[in-house]
Amino acid sequence: MPAPNHLNSEQKEKLQKALKKEENPYIRERVLILLLLNDGKTQVQISKLIGCSLRTVSYWCIHGDANNLDSLKDKRMEGNYRKATDEYIKILLETIDKEPQEMGYEFGRWTAKRLATYLTEQTGIELSSSQVTNILKKRSMFIFGLNIV
Numbered sequence: 001m002p003a004p005n006h007l008n009s010e011q012k013e014k015l016q017k018a019l020k021k022e023e024n025p026y027i028r029e030r031v032l033i034l035l036l037l038n039d040g041k042t043q044v045q046i047s048k049l050i051g052c053s054l055r056t057v058s059y060w061c062i063h064g065d066a067n068n069l070d071s072l073k074d075k076r077m078e079g080n081y082r083k084a085t086d087e088y089i090k091i092l093l094e095t096i097d098k099e100p101q102e103m104g105y106e107f108g109r110w111t112a113k114r115l116a117t118y119l120t121e122q123t124g125i126e127l128s129s130s131q132v133t134n135i136l137k138k139r140s141m142f143i144f145g146l147n148i149v
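Residue numbers (the UniProt record's numbering): 1 to 149.
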């Protein structure tokens, strides 16, 4: 049986704020696990109440730290290594604002493949056309008449 009220008022308040403001549903679930544990619920009760596995509840009851909300993140949330630097993205965004002819090319439109090739020449960072497309999508860059996004 868990020890009810093992969190001090400051920790509890911090977790309650995180529960309301956190955008990531996994983090909210983990915060809720810690709060329910503090209320005296067993791990089995918590598992049934929020609809996740007992294994998940057990893990976060042990590894979740009310003083450190970053402890509720797992390594998968960090994402993959990003090849495209801020400088690369800046050059990409500047390039799509210009016509290819202004830069000495014969073709009339930028495609993701042409952008990737040009940026490899300029920066030395080699990305695929789909990676360039994804960068533009994340920036909500829609270029009409082009097969970029």
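Every residue gets a Cβ at the ideal spot worked out from N, C-alpha and C, and that includes glycine.
Only a predicted model underlies this, so the values are computations on that prediction, with no experimental measurement involved.
Query, Result
"Okay, do the stretch 29 to 36 and the stretch 50 to 57 touch, 3+ Cβ pairs below 8 Å being the bar?", "yes"
"Taking the Cβ atom as the reference point for each residue, do Leu92 and Leu69 lie within a distance shorter than 8 Å?", "no"
"So, with DSSP's three-state summary, where would you put Asn38?", "helix"
"Scan the stretch 8 to 71 and note each continuous alpha helix (DSSP H) run of 4 residues or more that stays entirely inside, going in chain order.", "9 to 21, 25 to 38, 43 to 50, 54 to 63"
"Per DSSP, what kind of secondary structure is Ile96 in: helix, strand or coil?", "helix"
"Helix, strand or coil: how does DSSP classify residue 237 here?", "The structure shown does not extend to residue 237, since the chain spans only 1 to 149, so no value can be given for it."
"Check the Cβ-Cβ distances between Val57 and every residue of chain D, and say whether any is below 8 Å.", "Checking the listed chains, one finds no chain D in this structure; it contains a single protein chain."
"Taking 8 Å as the limit between beta carbons, can you name the residues of its chain near Leu103, skipping five residues before and five after?", "Note that residue 103 is Met in the sequence shown here, rather than Leu. Contacts found: Thr95, Tyr118."
"For the alpha helix (DSSP H) holding residue 153, just list the boundary residues, first then last.", "It is not possible to answer for residue 153, since the shown part of the chain is limited to 1 through 149."
"DSSP three-state call for Lys83: helix, strand or coil?", "coil"
"Use the C-beta contact count for Val44: other C-beta atoms within 10 angstroms, 16 or more gives buried, fewer gives exposed.", "exposed"
"What whole-angstrom Cβ distance do Cys67 and Gln16 have, given they're in contact under 8 Å?", "With the sequence shown as reference, residue 67 is identified as Asn, and Cys is not the correct amino acid for it. About 14 Å separates the two Cβ atoms, so there is no contact after all."
"Give the DSSP-derived three-state secondary structure of Asn5 in the structure shown.", "coil"
"At the level of alpha carbons, what is the spacing between Thr56 and Lys73?", "13 Å"
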